[in-house]
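S.K.: What follows is a single structure, and I will ask about it in a moment.
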């Protein structure tokens with residue numbers, strides 16, 4: 349039977365305490381780094397919001413004054429009338445970017461996101477069957493969703509094609525949650541080859 353001296357027991361206890369303290373320190377450092385990243389994002393959003401309010405507020409006010417003036421001068425039920433009415437009816441939402449730094453000033457991101465689909469849509473029409481067109485559209489949507497979630501599309505399709513057949517007979521579809529492109533599981537298994545911006 350192995351017997352430890354009091355000195356050896358004290359050393360063992362110190363090693364255990366030191367390891368525990370190191371784990372606590374690592375956890376605290378990770379939490380501080382995460383908090384710092386969140387503050388940097390928040391600081392950037394506040395900076396953007398302040399800049400917009402100082403530089404753009406007067407221009408946005410002038411735009412809406414102009415829209416309201418022109419609206420009273422145009423023929424109703426015309427195309428320009430509808431465009432001006434849209435601006436007036438959506439004014440609250442169109443101004444939102446001034447007070448929230450997360451909201452972009454324009455919709456370029458959305459336009460760029462749908463552009464590949466509008467190009468591919470023409471190809472879907474050339475499919476020999478409705479089912480073929482639907483299948484192509486589904487695959488395209490999966491690929492675009494993977495790109496939007498900054499994961500490697502090729503690796504994502506490999507993951508789907510290897511995991512889904514394993515559950516072919518399952519009645520419960522909860523396993524699909526772990527295969528969604530924004531899930532931690534997929535983010536870890538299919539990291540993008542490109543850095544996130």
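Numbering (this note's numbering), first residue to last: 349 to 545.
Just so you know, even glycine gets a beta-carbon here, dropped at the ideal spot from N, CA and C.
What did DSSP end up calling residue 513 once you bin it into helix, strand or coil?
M.R.: Within the chain shown, numbered from 1, the residue matching residue 513 stands at position 165. Helix, per DSSP.
S.K.: Along the chain, where does the alpha helix (DSSP H) that runs through residue 520 open and close?
M.R.: Here residue 520 refers to the residue found at position 172 of the chain shown. Premise fails: residue 520 is in no alpha helix (DSSP H) and is neither H nor E.
S.K.: How should residue 494 be labelled, buried or exposed, when 16 other C-beta atoms within 10 angstroms of its C-beta is the threshold for buried?
M.R.: Looking up residue 494 in the chain shown gives position 146. That one is buried.
S.K.: Quick one: what's got a C-beta closer than 6 angstroms to residue 545's C-beta in the same chain, skipping five residues either side?
M.R.: Working through the chain shown from its first residue, we reach residue 545 at position 197. Note that residue 545 scores 45 on pLDDT, short of 50, meaning its location in the model is unreliable and no value can be drawn from it.
S.K.: Residue 449 and residue 486: beta carbons closer than 7 angstroms?
M.R.: Here residue 449 refers to the residue found at position 101 of the chain shown. Here residue 486 refers to the residue found at position 138 of the chain shown. The answer is no: Cβ separation not under 7 angstroms.
S.K.: Could you please give me the residues that DSSP links to residue 364 through a beta bridge?
M.R.: Taking the chain shown and counting its residues from 1, the one referred to as residue 364 is at position 16. DSSP, once it has assigned bridges, lists no residue as partnering residue 364.
S.K.: Which residue or residues does DSSP assign as beta-bridge partners of residue 539?
M.R.: For the purposes of this step, residue 539 is identified with residue 191 of the chain shown, where counting begins at 1. Paired residue(s): 499.
S.K.: On the three-state DSSP scale, how would you describe residue 402?
M.R.: To locate residue 402, count along the chain shown from 1; it is residue 54. Helix.
S.K.: So for residue 529, helix, strand or coil by DSSP?
M.R.: If you number the chain shown from 1, residue 529 lands on position 181. It is coil, neither helix nor strand.
S.K.: What first and last residue would you give for the alpha helix (DSSP H) that runs through residue 448?
M.R.: Indexing the chain shown from 1 puts residue 448 at position 100. No alpha helix (DSSP H) holds residue 448; DSSP gives it neither H nor E.
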